[in-house]
Amino acid sequence: CRSVLSTSSITTPSPSCSPARPASPTPSSVSVLAMAARGGAGRAGSKLDGAAPDSTDMANYFITYSYLYHQKDMLEDHKRTGAYYNACIQNMAQFKDKVVLDVGTGSGILAIFAARAGARKVYAVEATDMAKHARRLVAAQGLAGTVEVIQGVIESVELPEQVDIIISEWMGYFLLRESMLDSVLVARNKFLKPGGALYPSHARMFLAPITTNQTQRRQAELEAAVDGWSDFVREVKQYYDVDMSCLTEAYQEEQADYFSRTAAWADVHPSQALGPPACLKSYDLLMLTLEELKADLQATFKLRLLQPGPVEALAGYFDVQFRGSPENPADSPVTLTTAPDPTGATHWGQQVFFMHPGIQADEGTTIEGSLSMSRRSDNHRLMDVVVKHKVITGLREGQERTDLFHIE
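The sequence shown begins at -10 in my numbering and counts up by one.
Here is the structure:
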């Protein structure tokens, strides 16, 4: 995901949950296709290796995770990595002599944690060539006899046995971006023993009203972009005698879509909150079905302001809990939260949905509404969010307003 930035530095969304760093290697279309085409052939890997992702999904999603610089960025998020470490090491009785499946192992770090917590066998599945680095890292820790790294998409993998625990770091921006939870549920349905546990086992999504100077800044950037088009049209006409003005409306819509309707990564400070968050959704991952997950998310919310507005944005974030299962509960439950934190954000940060104009509201006012989230038709790993809301002050009820946002 993102490097830690303040709300004074909103970043441009990148194709996957990874930092946009110009100095880092960028895969060419040739390398993407080559990685996808290799499949299970020609690799000194596991006999359990499965199929590679298809070329489109590789280019849109998986390719980022094949670079060590991205694995490093995630591992440097100590709130994230520390939560998984504690979930394993503080619950060694739950892992002792168990068979564990790590879905999307990346560098292999979670598989190593599970092995050190006492697992008898760990199957670590990774779709990309990062599997090669994971094998090397596992061997360097002296765990090659316990951890077997398998390269391939989990949907194509066959294991020789059922597992007691599935561990995975599947969360994306605002929890569901990336749609990797699909693969975890496929693995659960296929490989988890009755009574087995998921780590994490539960997840929640939150929405909070905040103040931020970025709403006005984004609006100013939009106006500057639109004004710049007029100069462009004039220059093209002057130099080349081509009238571009017929595209003005399309350009304005394109810029409005980016500046006004695209959610942004942010490191929100708790002091920016104008009231407590609303819990939009709570998931028990043992019970959640694929059909429920793939359906549009529908949630209602009530946000009570403890400070006067304007509410210039809504901040979306999540937490996950590592509780084990009813049959094998964790001795020491662990929570990983991406809520605003004075010590700084996790690499997920918060997703900020800008409100322009801001919602004018007094202390004690309630903002009531609904939020729906759906997968984009052109890329199922990206999300569209529709927020409908109205302001209620005492007995006075304002008009309903609808805003559309993209999580990219």
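The beta-carbon is built from N, C-alpha and C at its ideal position, and this holds for glycine as well.
Shown here for LEU164: same chain residues with a beta carbon closer than 7 Å to its own, the five before and five after excluded, namely ALA192, MET194, PHE307 in chain order.
8 Å or more divides the Cβ of PHE84 from the Cβ of ALA100. The C-beta distance from HIS336 to MET63 rounds to 6 Å, short enough to meet the 8 Å contact threshold.
A Cβ-Cβ contact shorter than 8 Å links GLN296 with GLU352. Per DSSP, reduced to three states, the secondary structure at ARG206 is helical. Assignment of PRO42 by DSSP, reduced to helix, strand and coil, places it in the coil class. The DSSP-derived three-state label of SER359 is strand. For VAL127, there is no enclosing beta strand (DSSP E); the residue is found in the alpha helix (DSSP H) stretching over 119 to 129. A direct Cα-Cα distance of roughly 26 Å separates LEU90 from LEU371. In this structure PHE343 does not touch GLN244 by the C-beta definition: roughly 14 Å separates them, more than the 8 Å allowed. Within the same chain, Cβ atoms closer than 6 Å to the Cβ of GLN60 are found at GLY95, SER96, the five residues on either side in sequence being excluded.
Three or more beta-carbon pairs separated by less than 8 Å are not found between the stretch 117 to 129 and the stretch 145 to 152, which leaves the two stretches without contact. Between the beta-carbon of ALA255 and that of VAL341 there is about 4 Å, and that keeps the pair under the 8 Å contact cut. The residues VAL222, in chain order, have a CB closer than 6 Å to that of SER234 in the same chain once the five nearest residues on each side in sequence are set aside.
Residue pairing by DSSP places GLN310 opposite HIS191, THR324 in a beta bridge. GLN140 carries a strand assignment under DSSP once its states are collapsed to helix, strand and coil.
Going by beta carbons, THR355 and LEU263 fall outside the 8 Å limit.
Closest by C-alpha distance to ILE143, out of LEU57, TRP159, ARG293, is TRP159. Taking SER359 as the centre and dropping the five residues before and after it, the same chain places the C-beta of THR289, LYS377 closer than 6 Å to its C-beta, in chain order.
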